[in-house]
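First up is the structure itself, then whatever we jot down about it.
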Amino acid sequence: MRAPIIIVKKLPAAGMAIFPFILLKSERLKNDPEIINHETIHLRQQLELLIFPFYLLYFFNYLINLFRYQNHDLAYRNIIFEKEAYDHETDLHYLKKGNWYGWIRSI
């Protein structure tokens, strides 16, 4: 999947996936294969859940984690979708191997 990349200088994170786009904070991140892979994994997750349900599950998982950990960083890092993306961002062939619904293993 080759997603269009948009540079958003005021983005609150280095990268973000909002189907069908990858948003990046700076032009130099276009050359970072790990962040591109991380965000592409999120695009796959969004497709797996037919886009809108992904955002609902992501948000509710974050809220549950925030209640559980009482810490934004821990809540964010333990979102099931983020776990899959962080665990596999360095494997640039992860998506080519299939691995559909890999985030379910993080439940």
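Here my numbering = 1-based position in the sequence shown + 1103.
Glycine residues also receive a C-beta, built at the ideal position from the N, C-alpha and C atoms.
Just so we're clear, the structure is a prediction, and the values are computed from it rather than from any experiment.
Residue burial classification, Gly1118 (beta-carbon count within 10 angstroms, cutoff 16):
The sequence position of residue 1118 within the sequence shown is 15, counting from 1. Its Cβ being crowded by 16 or more others within 10 Å, Gly1118 is buried.
Within 8 Å, do at least three Cβ pairs link the stretch 1109-1127 to the stretch 1144-1152?
yes
From the DSSP output, in three-state form, read off Leu1269 for me.
The structure shown does not extend to residue 1269, since the chain is modelled only from 1104 to 1210, so the question has no answer here.
Gly1201 by DSSP, collapsed to three states: which one?
Here residue 1201 refers to the residue found at position 98 when the sequence shown is read from its first residue. Gly1201: coil per DSSP, three-state reduction.
With DSSP as the reference, label Ala1120 as helix, strand or coil.
Stepping through the sequence shown from its first residue, residue 1120 is reached at position 17. If DSSP states are grouped into helix, strand and coil, Ala1120 belongs with the strands.
Does the beta-carbon distance from Ile1144 to Ile1125 come in below 8 Å?
Indexing the sequence shown from 1 puts residue 1144 at position 41. Indexing the sequence shown from 1 puts residue 1125 at position 22. No, Cβ-Cβ distance for Ile1144 and Ile1125 is not below 8 Å.
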